[in-house]
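Going left to right, the sequence shown walks through residues 1 to 78 as the UniProt record's numbering numbers them. Beta carbons are placed, not taken as given, at the ideal position from N, Cα and C, and that holds for glycine.
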Amino acid sequence: MHFSARFLRLKLTRRWLELDKKRAYTVQEAALAYGVSADVIRAHIKLGKLVAHYPTSRPIIGAEELNDWFEALPSEAP
Numbered sequence: 001m002h003f004s005a006r007f008l009r010l011k012l013t014r015r016w017l018e019l020d021k022k023r024a025y026t027v028q029e030a031a032l033a034y035g036v037s038a039d040v041i042r043a044h045i046k047l048g049k050l051v052a053h054y055p056t057s058r059p060i061i062g063a064e065e066l067n068d069w070f071e072a073l074p075s076e077a078p
């Protein structure tokens, strides 16, 4: 199946807008929203740099928590 670049851009833009309105994110959604892998999000949860909540067995992360985490990341490459 072949999709045009325009179609894919529209699909991704729509997905970004949906993510922007959320109050909490799954690990995968947080990774997509911030351009990192799900493993990075999980590692930062384990290190205590991100606080996850567990309404079920799967963690969710609040939008404000993610914003604070992002702002605390280094602004220069190691």
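Here Tyr54 carries a coil assignment [DSSP, helix/strand/coil].
If you compare the alpha carbons of Ile60, His53 and Ile41 with that of Leu73, the shortest gap goes to Ile41.
In the three-state reduction of the DSSP assignment, Ala30 falls in the helix class, which pools H, G and I. For Ala33 against Tyr25, the beta-carbon gap comes to about 6 Å, under 8 Å, which counts as contact.
It is roughly 26 Å from the alpha-carbon of Glu71 to the alpha-carbon of Pro55.
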